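First comes the structure, then the notes that go with it.
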Amino acid sequence: MIDVRALRENPKNFIESCEKRGFGKEEVESFLALDEEWRSNLKKLNDLRKRKNQITQAIGEKVKLKQDSSGEKEEVRTINSEIEAIEAWQAGIEGRRSEVAALIPNLIHDKVFVGKGDDNNQFVRFWGRARVFTDDVEEFSGKSNGKGKYEILSTRPMSHVDLEDRLDLVDLERAAKVSGARFFYLKGRLLKLEQALVSYALDFLADRAFVPVEPPFMMRYDPMSKATDIETFKESLYKIEGEDLYLISTSEHPIAAMLSDEILDPEELPIRVAAVSPCFRREAGAHGKDTKGIFRVHQFFKVEQFIFCKNEDSWDFLEELTANAEAILQSLELPYRVIDFCSGELSRLNARKYDIEAWFPAQGKFREVVSASNNTDFQARSLNIRYREKNGNSFVATLNSTALATTRTMVAIMENFQDHGAIRVPKVLIPYTGFDTIFA
RNA sequence: GCGGGGAUGGCCCAGUGGUACGGCGGUAGCCUGCUAAGCUAUUUCUCUAUGAGAGCGAGGGUUCGAAUCCCUCUCCCCGCGCCA
2 MIDVRALREN PKNFIESCEK RGFGKEEVES FLALDEEWRS NLKKLNDLRK RKNQITQAIG
62 EKVKLKQDSS GEKEEVRTIN SEIEAIEAWQ AGIEGRRSEV AALIPNLIHD KVFVGKGDDN
122 NQFVRFWGRA RVFTDDVEEF SGKSNGKGKY EILSTRPMSH VDLEDRLDLV DLERAAKVSG
182 ARFFYLKGRL LKLEQALVSY ALDFLADRAF VPVEPPFMMR YDPMSKATDI ETFKESLYKI
242 EGEDLYLIST SEHPIAAMLS DEILDPEELP IRVAAVSPCF RREAGAHGKD TKGIFRVHQF
302 FKVEQFIFCK NEDSWDFLEE LTANAEAILQ SLELPYRVID FCSGELSRLN ARKYDIEAWF
362 PAQGKFREVV SASNNTDFQA RSLNIRYREK NGNSFVATLN STALATTRTM VAIMENFQDH
422 GAIRVPKVLI PYTGFDTIFA
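Numbering of the first sequence is given in our numbering, commencing with residue 2 and proceeding in unit increments.
Here it is, written out as structure tokens:
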């Protein structure tokens, strides 16, 4: 939710932000018109209510003195019917006003590159030493701005799908029989690896002042709608039939909503949360993409970083979250690039977003494994999360970032650490897995 | 699932039909060698703001007037039942 007063005072900022995103200014203009009418109705209503309160109190006095007050009662009835009429009209205005307000996106950070489409996402940096098949050198160098270090592979590594099959780690066919496409049975040492990844990421964050939290895996419509946007509802969320409950698509949402309607002590800030949960996604907008294997699936585990802080500190924390996610990938020895999303690719909530894309040598591509966003005070305003300040209360800023999503990270490990048909386990995980190789 | 009790400002708590009492904490000021104490004001949201309106878990209803009475729903506590 945008700051309505800021919008009234300075619509230009919001129109500019909308236009950078490739939206029109219709929403802003339509909001301003509705808002004007809303305020004028509010004035009428308040004047009538004031009059009503005065008469009602006078009736109270008369009743005490046992005087007749039937004239006053009749007057209040008249006022009531006027109020009722305006209220009915106002309810419609207010409904449309909030619908339009919900469509206005967050203000974009000044440094976000103005552009549309993936191609305009800005390269920030590369880390690591990638294994690149001869045919993919051009793709690799282009996407790493010529800064990516690499060694050439003379043969393409096996796809994770074939490898899982050969090592009997994933059963997709039986999962399809039981649950449909994009589901899987995870087996043997790959399951152990998954658990190791989760434990490792939680420990990593606990060492950095994050409080580990397991949230509810289902949420009601009201908090969900405040924590996210309409796109997520349309494309990601599973609804429980006959109940007001949705399966979470990320722990970001229940964690954000955790502090809704609360006023925090500024001393408590920043609040760092390391959340772990399964994530359920319909992938409705992804027909035909990544249909094989466990790269894009309906359920996976994710360790998520979440921060509640003061708005003015949020930009430093965006860097902290990104640095943490990078440190995890570095410790797993996975080469990656960081990209800064262009204006047209941001969600309505995001003021700025970095993605981290690991190099997948079998696919010959960089693919998203981490997404780190600063939603400034936009999400907190919808959820009504404030902190106390000397001159009134302010909304907190909320930030979220993947620490580690299990399925994609496992695919990255399988593609990057293939060794003669076996999978080498990254060193930092060995204490958690208890083995250093996955083989047939 | 059944029965009983509950939800009031940041926190605690009073309030059986006349417009939310009191305390704690926070903030600002006064006072005082310092600190503490004490005193005063303030504390949520909205608006066209020296003023006004809304707000007592949510939504409806009755009434001139509802925290209070009635209905529906949500959540919490206690007991019973069921259960990994």
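Quick reminder that beta carbons are idealized off the backbone N, C-alpha and C, glycines included.
Only a predicted model underlies this, so the values are computations on that prediction, with no experimental measurement involved.
What residue does the beta strand (DSSP E) around Y355 start on, and which one ends it? Working through the first sequence from its first residue, we reach residue 355 at position 354. Taken as a continuous stretch (DSSP letters only), the beta strand (DSSP E) holding Y355 covers R353 to F361.
Can we say the stretch 355-373 touches the stretch 327-339, given the rule of at least three CB pairs closer than 8 Å? Judged by Cβ distances under 8 Å, the stretch 355-373 makes contact with the stretch 327-339, as three or more pairs qualify.
Pick helix, strand or coil for Y222, following the three-state DSSP scheme. For this step, residue 222 is matched to residue 221 along the first sequence. The answer is helix: DSSP assigns Y222 an H, G or I state.
Which residues mark the beginning and the end of the alpha helix (DSSP H) in which F15 is found? Along the first sequence, read from residue 1 onward, the residue named residue 15 stands at position 14. Segment P12 to K21, the alpha helix (DSSP H) holding F15.
L335 to T233, Cα distance in whole Å? On the first sequence, residue 335 is found 334 positions in, with the first residue counted as 1. On the first sequence, residue 233 is found 232 positions in, with the first residue counted as 1. Straight-line Cα distance between these residues: approximately 29 Å.
Residues sharing a beta bridge with P279, DSSP: The residue labelled residue 279 in the question sits at position 278 within the first sequence. Looking at the DSSP assignment, P279 forms a beta bridge with F302.
Name the DSSP beta bridge partners of S99, please? What you label residue 99 is simply residue 98 of the first sequence in a count that begins at 1. S99 pairs with nothing; no bridge assigned.
Kindly indicate which residue of D163, N325, I414 and D169 has the alpha-carbon position closest to the one of K293. Position 292 of the first sequence, counted from the first residue, corresponds to residue 293. Checked all of D163, N325, I414 and D169; the closest Cα to K293 is D163.
When the distance is taken between beta carbons, is F218 closer than 8 Å to S278? On the first sequence, residue 278 is found 277 positions in, with the first residue counted as 1. On the first sequence, residue 218 is found 217 positions in, with the first residue counted as 1. Yes; because the gap between Cβ atoms is below 8 Å, this pair is in contact.
V199, enclosing alpha helix (DSSP H) - first and last residue: Indexing the first sequence from 1 puts residue 199 at position 198. Element bounds for V199: G189 to A207.
Distance check for K44 and S82, CA to CA, integer angstroms please. Indexing the first sequence from 1 puts residue 82 at position 81. Indexing the first sequence from 1 puts residue 44 at position 43. If you take the alpha carbons of S82 and K44, they lie about 17 Å apart.
N375 and L405 closer than 8 Å at C-beta: As a first step, residue 375 is located in the first sequence; it is residue number 374 there, counting from the start. As a first step, residue 405 is located in the first sequence; it is residue number 404 there, counting from the start. In this structure, L405 does not lie closer than 8 Å to N375 by Cβ.
To which residues of the same chain is V77 closer than 8 Å at the C-beta, ignoring the five residues directly before and after it? For this step, residue 77 is matched to residue 76 along the first sequence. So the list reads K53, I56, T57 and I60, once near-sequence residues are dropped.
Any beta strand (DSSP E) of 3 or more consecutive residues that is wholly inside the stretch 104-184: 123-128, 130-134 and 150-154
What's the gap between the Cα of K148 and the Cα of A359? To locate residue 148, count along the first sequence from 1; it is residue 147. To locate residue 359, count along the first sequence from 1; it is residue 358. One C-alpha to the other measures close to 15 Å.
L46 beta carbon less than 8 Å from that of E95: Position 94 of the first sequence, counted from the first residue, corresponds to residue 95. Position 45 of the first sequence, counted from the first residue, corresponds to residue 46. No, the Cβ-Cβ distance between E95 and L46 is not below 8 Å.
What does DSSP give as the partner residue(s) for L405 in the beta ladder? The sequence position of residue 405 within the first sequence is 404, counting from 1. DSSP, once it has assigned bridges, lists V304 as partnering L405.
So what's S31 in DSSP terms, helix, strand or just coil? Locating residue 31 in the first sequence gives position 30, counting from the first residue. Three-state DSSP puts S31 in a helix.
Please classify A86: does DSSP put it in a helix, a strand, or coil? Walking along the first sequence from the start, residue 86 turns up at place 85. In this structure, A86 counts as helix in the three-state DSSP scheme.
Hey, quick one: how far does the beta strand (DSSP E) through Y337 stretch, first residue to last? For the purposes of this step, residue 337 is identified with residue 336 of the first sequence, where counting begins at 1. Taken as a continuous stretch (DSSP letters only), the beta strand (DSSP E) holding Y337 covers Y337 to D341.
Buried or exposed: which applies to N11, given that a residue is buried once 16 or more other Cβ atoms fall within 10 Å of its Cβ? Position 10 of the first sequence, counted from the first residue, corresponds to residue 11. Exposed, because fewer than 16 other Cβ atoms sit within 10 Å of the Cβ of N11.
Per-residue DSSP class, three states only, for G289: The sequence position of residue 289 within the first sequence is 288, counting from 1. It is coil, neither helix nor strand.
With a threshold of 16 other CB atoms inside 10 Å of the CB of E305, please say whether the residue is buried or exposed. Indexing the first sequence from 1 puts residue 305 at position 304. With 16 or more other Cβ atoms within 10 Å, it is buried.
Of all the options I105, I84 and V429, which has the alpha carbon lying nearest to the alpha carbon of D204? To locate residue 204, count along the first sequence from 1; it is residue 203. It is V429.
Secondary structure of Y239, DSSP reduced to three states: The residue given as residue 239 occupies position 238 in the first sequence. DSSP, read as helix, strand or coil, puts Y239 in coil.
Supposed close pair T438, I424 - CB separation, criterion 8 Å: For the purposes of this step, residue 438 is taken as the residue at position 437 of the first sequence. For the purposes of this step, residue 424 is taken as the residue at position 423 of the first sequence. Contact flag correct, Cβ pair sits at about 7 Å.
Secondary structure at L265, three-state DSSP: helix, strand or coil? As a working mapping, residue 265 is identified with position 264 in the first sequence. In this structure, L265 counts as strand in the three-state DSSP scheme.
Using DSSP with H/G/I as helix, E/B as strand and the rest coil, what is S344? Residue mapping note: residue 344 aligns to position 343 of the first sequence, counting from 1. DSSP places S344 in helix when its eight states are reduced to three.
I'd like the list of long-range same chain contacts for K63, defined as Cβ closer than 8 Å, with 5 residues on each side in sequence excluded. Within the first sequence, the letter at position 62 stands for residue 63. If we look at K63 and ignore the five residues flanking it on each side, its Cβ neighbours are D69, S70 and E73.
Straight-line CA distance for F114 to G345? What you label residue 114 is simply residue 113 of the first sequence in a count that begins at 1. What you label residue 345 is simply residue 344 of the first sequence in a count that begins at 1. Rounded to whole angstroms, F114 to G345 spans 9 Å at the Cα level.
Assign P255 to buried or exposed, taking buried as 16 or more other Cβ atoms, counted over all protein chains shown, within 10 Å of its Cβ. Residue numbering aside, residue 255 sits at position 254 when the first sequence is read from its first letter. So P255 counts as buried.
Pick helix, strand or coil for S332, following the three-state DSSP scheme. Taking the first residue of the first sequence as position 1, residue 332 is located at position 331. S332: helix per DSSP, three-state reduction.
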